[in-house]
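Structure first, commentary second.
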Amino acid sequence: MIITQKKPIEEVMALVGDAKTVAIVGCNSCATACQTGGEPQIKELAAILEQAGKKVVATTIADYCCMNLGVKAKMKPINAANPDCVICMSCGDGVQCVAKNAPTIPVYPSNNTMYLGEAVKFGVWEESCRFCGDCVLGQTGAVCPITQCAKSLVNGPCGGQKNGKCEVNPENPCAWIKIYERLEATGQLDKLSMRRKDKGYGDFAYPRTISLRGKK
Ligand code: SF4
Ligand code: SF4
Numbered sequence: 122m123i124i125t126q127k128k129p130i131e132e133v134m135a136l137v138g139d140a141k142t143v144a145i146v147g148c149n150s151c152a153t154a155c156q157t158g159g160e161p162q163i164k165e166l167a168a169i170l171e172q173a174g175k176k177v178v179a180t181t182i183a184d185y186c187c188m189n190l191g192v193k194a195k196m197k198p199i200n201a202a203n204p205d206c207v208i209c210m211s212c213g214d215g216v217q218c219v220a221k222n223a224p225t226i227p228v229y230p231s232n233n234t235m236y237l238g239e240a241v242k243f244g245v246w247e248e249s250c251r252f253c254g255d256c257v258l259g260q261t262g263a264v265c266p267i268t269q270c271a272k273s274l275v276n277g278p279c280g281g282q283k284n285g286k287c288e289v290n291p292e293n294p295c296a297w298i299k300i301y302e303r304l305e306a307t308g309q310l311d312k313l314s315m316r317r318k319d320k321g322y323g324d325f326a327y328p329r330t331i332s333l334r335g336k337k
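Right, dumping it as structure tokens:
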């Protein structure tokens with residue numbers, strides 16, 4: 122799931138600025154799980170805005186703020202209320218989708234979008250993927266060197282680990298030890314000597330679009 126964190130409220134209020142009327146759009150998916158954009162957070166933000174003298178003229182929650190069709194329907198009453206601005210409590214993708222469906226209204230994010238993460242237990246999410254577009258998990262024992270190694274090294278360790286911990290952040294295990302152990306446990310140690318293509322991030326042209334229809 123996409124992991125989001127709330128922006129500091131002062132930052133959100135600065136975005137709202139002089140706007141007198143505000144609408145709030147929440148997201149029933151990842152942001153609800155992260156407690157950054159569900160019903161309770163919508164109510165909480167609405168109360169803060171009202172306390173600050175703003176009028177919350179409409180609120181809604183989309184099943185997925187990143188899905189245009191559902192968002193389109195949810196934005197009808199928001200557009201009808203014609204607020205001075207909309208605050209979207211989703212990931213950055215959702216904010217952009219909401220903005221597309223509010224052509225004349227400024228849309229602001231209330232969250233920072235952090236990463237694609239695994240919910241390891243309730244309220245704890247570990248970073249697991251940074252959408253690098255060239256997945257190497259098949260050669261690294263399903264341990265992602267891009268997110269798990271502080272230097273995102275794809276061809277082996279830097280050599281700085283101490284007692285199995287990363288030299289950059291000793292709270293974390295060295296990713297390459299995890300990769301070694303996993304490859305050993307699954308009988309794939311030969312993959313360690315494979316040369317993986319250095320990540321030439323310059324190769325990626327943004328923005329990218331993926332379409333199952335063969336064209337945009
Ligand atoms: S290598 Fe890591 S960052 Fe890249 S796609 Fe695979 S899991 Fe995601
Ligand atoms: S100590 Fe390990 S995890 Fe940390 S930067 Fe070096 S190789 Fe990566």
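In this text, residue positions in the sequence shown follow the working numbering: the first is 122, and each later residue adds one. All residues carry an ideal CB built from backbone N, CA and C; glycine is no exception.
Pick helix, strand or coil for Gln126, following the three-state DSSP scheme. Collapsing the DSSP output to three states places Gln126 in a strand.
Please report the Cβ distance between Ala167 and Val177, rounded to the nearest whole angstrom; I am assuming they are in contact, meaning their Cβ atoms lie under 8 Å. The Cβ separation is near 4 Å, so the contact holds.
Buried or exposed: where does Gln65 fall if 16 or more other Cβ atoms within 10 Å of its Cβ makes it buried? Given that the chain is displayed from residue 122 to residue 337, the structure contains no residue 65 and the question cannot be resolved.
At a threshold of 6 Å, does Ile124 count as lining ligand 1 (C-beta to nearest heavy atom)? Flag unset: Cβ of Ile124 not near ligand 1.
Bridge partners of Thr180, per DSSP? DSSP, once it has assigned bridges, lists Ile145 as partnering Thr180.
Inter-residue spacing [alpha-carbon to alpha-carbon] between Met315 and Leu304: The C-alpha of Met315 lies about 12 Å from the C-alpha of Leu304.
Please report the residue range of the alpha helix (DSSP H) in which Ala152 lies. Unbroken alpha helix (DSSP H) run through Ala152: Cys151 to Ala154.
Please name the residue, chosen from Asn232, Lys272 and Gly277, that lies closest to Leu136 on a Cα-to-Cα basis. Of the listed residues, the one whose Cα sits closest to Leu136 is Asn232.
Got a sec: does ligand 1 put a non-hydrogen atom nearer than 6 Å to the Cβ of Arg303? Closer than 6 Å to some heavy atom of ligand 1: that does not describe the Cβ of Arg303.
Locate the beta strand (DSSP E) running through Leu237, then write down its first and last residues. Start and end: Asn232 to Lys242.
On the criterion of 16 or more Cβ atoms from any shown chain inside 10 Å, does Pro230 qualify as buried, or is it exposed? It counts as buried.
Pull up the DSSP beta-bridge partners for Cys206, would you. As DSSP reads the structure, Cys206 sits in a beta bridge with Val143.
For ligand 2, is there any heavy atom lying closer than 6 Å to the beta carbon of Gly281? Yes, the Cβ of Gly281 comes within 6 Å of a heavy atom of ligand 2.
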